[in-house]
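In full-length UniProt numbering, the protein residues as written are 1 to 332.
Where is the CB? At the ideal position from N, CA and C, for every residue including glycine.
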């Protein structure tokens, strides 16, 4: 099969177009999937630059997200049959298991039936950001109806689905954006209030929107400076969640005075720590997100696709920043 292989760390040019043996089913619960598309995420670029997260190491096939058609099944598989279309988040952290390839083998319980309302490309682009946003809002922040929620980077991969998930749960949403065009995009997704962080003060804007109360929940998708700057915009007893390392220079005095609950979200933990119950929970999250998609309450924005052999170009675009929605690789 054709695949994109990483044999060393470095610039996007280390991603090489190679021929690999097609993976084979080795266990009774496994399925062989012929991939139609693979999502491209910022974590892929970080692994390419800094090295694999999984002990299998190099050479590695990147790509955590995939969607495709089941081609063969193990003898104990009951959830799928050849010809079924599936989506999933699996692999891509090190070694040969990743979705920048034409085929992948995975356990049947890690896949879900592709939502009917989206195509393969959209399905492949969705799992990692959906799991991240859902876990951050529902599992970490314990989102409930009527709360006011701040989503940083509302036009980005995680941000654009987080807006929709918060709205689907009955929350009111404000978000940060970098342009009028991205504000229009975020409003179309359900954001009530958009803050252009290049021109407006975050805390002043949030306090105006919340009549001086602050937001009940904030989701940081940007990094330490934004995390620290969000603390004064929080309501008392609020939940501040970040999907990134908040950094060593962290003064939590004001957070403590506000009795904030700080949440750290890394949806890769179940893969990195081999936690079957947590992975099963993520499968349930994908199923529920699929229902929202099919009911018209959630959409996936794919701003650009690339042929599989152009994975390096996709990495370059992500590292330039400010991608709207998601990128995906498409197999021939």
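Original post:
Which value, in whole angstroms, describes the spacing of the CA atoms of residue 154 and residue 26?
Top reply: Counting from 1 along the chain shown, the entry for residue 154 is found at position 154. Counting from 1 along the chain shown, the entry for residue 26 is found at position 26. Computed Cα separation, rounded: 42 Å.
Original post:
From what residue to what residue does the alpha helix (DSSP H) around residue 279 run?
Top reply: Against the chain shown, residue 279 aligns to sequence position 279. That run of the alpha helix (DSSP H) goes 276-294.
Subject >> Segment limits, beta strand (DSSP E) that includes residue 262 >> reply: The residue you call residue 262 lines up with position 262 of the chain shown. Counting along the chain, the beta strand (DSSP E) containing residue 262 begins and ends at 261-264.
Original post:
Can we say the region 275-285 touches the region 253-264, given the rule of at least three CB pairs closer than 8 Å?
Top reply: no
Subject >> Beta-carbon proximity check, residue 35 vs residue 271, cutoff 7 Å >> reply: Residue numbering aside, residue 35 sits at position 35 when the chain shown is read from its first letter. Residue numbering aside, residue 271 sits at position 271 when the chain shown is read from its first letter. Their beta carbons are not under 7 Å apart, which means residue 35 does not touch residue 271 by this criterion.
**OP:** Using a Cβ-Cβ cut-off of 7 Å, state whether residue 283 counts as contacting chain D.
**Re:** Here chain D cannot be found, since the structure has a single protein chain.
Subject >> Residue from 73, 243 and 99 whose Cα sits closest to the Cα of residue 67 >> reply: Walking along the chain shown from the start, residue 67 turns up at place 67. The candidate whose alpha carbon is nearest that of residue 67 is 99.
Original post:
Between the C-alpha atoms of residue 61 and residue 202, what's the straight-line distance to the nearest angstrom?
Top reply: For the purposes of this step, residue 61 is taken as the residue at position 61 of the chain shown. For the purposes of this step, residue 202 is taken as the residue at position 202 of the chain shown. Those two C-alpha atoms are separated by around 40 Å.
Original post:
When DSSP labels each residue in this structure, what does residue 77 get in the three-state scheme?
Top reply: Translated into positions along the chain shown, residue 77 becomes position 77. Three-state result, residue 77: coil.
Original post:
How should residue 160 be labelled, buried or exposed, when 16 other C-beta atoms within 10 angstroms of its C-beta is the threshold for buried?
Top reply: Translated into the one-based positions of the chain shown, residue 160 becomes position 160. Under this definition residue 160 is a buried residue.
**OP:** Report whether the distance from the Cβ of residue 314 to the nearest heavy atom of the ligand ZN is below 6 Å.
**Re:** Ligands displayed in this structure: none; no statement on the ligand ZN is therefore possible.
Original post:
On the three-state DSSP scale, how would you describe residue 159?
Top reply: Residue mapping note: residue 159 aligns to position 159 of the chain shown, counting from 1. Reduced to three states, the DSSP call for residue 159 is helix.
**OP:** Determine the DSSP secondary structure at residue 300, reduced to helix, strand or coil.
**Re:** For the purposes of this step, residue 300 is taken as residue 300 along the chain shown, with counting starting at 1. Of the three classes helix, strand and coil, the one that applies to residue 300 here is coil, per DSSP.
Subject >> Reference residue 38; option with closest CA among 65, 55, 145 and 255 >> reply: In the chain shown, the residue the question calls residue 38 occupies position 38. Comparing Cα-Cα distances from residue 38 to each of 65, 55, 145 and 255, the minimum goes to 65.
Subject >> Close beta carbons around residue 1, own chain, < 7 Å, minus the five adjacent residues each side >> reply: Here residue 1 is taken as the residue at index 1 of the chain shown, counted from 1. Result list for residue 1: 20, 22, 101, 102 and 103, in chain order.
Subject >> Candidates 308, 149, 299 and 328, of which the one nearest residue 192 by Cα >> reply: Sequence index remark: in the chain shown, residue 192 carries index 192 (1-based). Of 308, 149, 299 and 328, the residue nearest in Cα terms is 149.
Subject >> Enclosing alpha helix (DSSP H) for residue 222 [first to last residue] >> reply: As a position in the chain shown, residue 222 is number 222, starting the count at 1. Run containing residue 222: none; DSSP gives neither H nor E here.
Subject >> Which of helix, strand or coil DSSP assigns to residue 318 >> reply: Looking up residue 318 in the chain shown gives position 318. Reduced to three states, the DSSP call for residue 318 is helix.
Original post:
Which first and last residues belong to the alpha helix (DSSP H) in which residue 271 is found?
Top reply: Working through the chain shown from its first residue, we reach residue 271 at position 271. Residue 271 -> alpha helix (DSSP H) spans 269-272.
**OP:** Return the chain-ordered list of same chain residues with a C-beta closer than 6 Å to the C-beta of residue 241, the five sequence neighbours on each side being excluded.
**Re:** On the chain shown, position 241 is the one that residue 241 refers to. Closer than 6 Å at Cβ, skipping near neighbours: 136, 140, 141, 219, 263 and 265.
Original post:
Considering only residues of the region 196-222, which uninterrupted beta strand (DSSP E) runs meet the minimum length of 3 residues and lie entirely inside it, listed in chain order?
Top reply: 215-220
Original post:
On the three-state DSSP scale, how would you describe residue 327?
Top reply: For this step, residue 327 is matched to residue 327 along the chain shown. If DSSP states are grouped into helix, strand and coil, residue 327 belongs with the strands.
Original post:
Near residue 234, which residues of its chain fall below 7 Å by C-beta distance, leaving aside the five closest residues on each side in sequence?
Top reply: Your numbering for residue 234 matches position 234 in the chain shown. The answer, listed in chain order, is 214, 215, 218, 240, 258 and 260.
Subject >> For residue 313 and residue 188, the rounded distance between their alpha carbons >> reply: Position 188 of the chain shown, counted from the start, is the residue given in the question as residue 188. Position 313 of the chain shown, counted from the start, is the residue given in the question as residue 313. Taking the straight line from one Cα to the other gives about 29 Å.
**OP:** List the DSSP bridge partners of residue 19.
**Re:** For the purposes of this step, residue 19 is taken as the residue at position 19 of the chain shown. 2.
**OP:** May I ask you to list the residues that DSSP assigns as paired with residue 66?
**Re:** By one-based count along the chain shown, residue 66 stands at place 66. DSSP, once it has assigned bridges, lists 38 and 88 as partnering residue 66.
Subject >> When 9, 92 and 74 are compared against residue 49, the one with the closest alpha-carbon >> reply: Walking along the chain shown from the start, residue 49 turns up at place 49. Selected option, being the one with the closest Cα: 9.
Subject >> Residue(s) in a DSSP beta bridge with residue 180 >> reply: Within the chain shown, numbered from 1, the residue matching residue 180 stands at position 180. Paired residue(s): none; residue 180 is not in a bridge.
Original post:
How far does the alpha helix (DSSP H) with residue 256 in it reach, from first residue to last?
Top reply: If you number the chain shown from 1, residue 256 lands on position 256. Per DSSP, residue 256 belongs to the alpha helix (DSSP H) from 253-257.
Original post:
Closest to residue 87 by CA distance: which of 72, 63 and 126 is it?
Top reply: Taking the chain shown and counting its residues from 1, one reaches residue 87 at position 87. Checking every option, the nearest Cα to that of residue 87 belongs to 126.
Original post:
Which residues bound the beta strand (DSSP E) around residue 149?
Top reply: Residue 149 sits at position 149 when you count from the first residue of the chain shown. Residue 149 -> beta strand (DSSP E) spans 148-151.
Original post:
On the three-state DSSP scale, how would you describe residue 30?
Top reply: The residue you call residue 30 lines up with position 30 of the chain shown. Correct three-state label for residue 30: strand.
Original post:
What does a CB cutoff of less than 6 Å around residue 111 pick up in its chain, not counting 5 residues either side in sequence?
Top reply: What you label residue 111 is simply residue 111 of the chain shown in a count that begins at 1. Excluding sequence neighbours, residue 111 sits near 86 and 88.
**OP:** Can you give me the Cβ contacts of residue 244 inside the same chain, cut-off strictly under 6 Å, excluding the 5 residues immediately before and after it?
**Re:** The residue labelled residue 244 in the question sits at position 244 within the chain shown. Only 223 meet the Cβ criterion.
**OP:** Pull up the distance between the alpha-carbon of residue 15 and that of residue 316, whole angstroms please.
**Re:** In the chain shown, residue 15 corresponds to position 15, counting from 1. In the chain shown, residue 316 corresponds to position 316, counting from 1. Those two C-alpha atoms are separated by around 11 Å.
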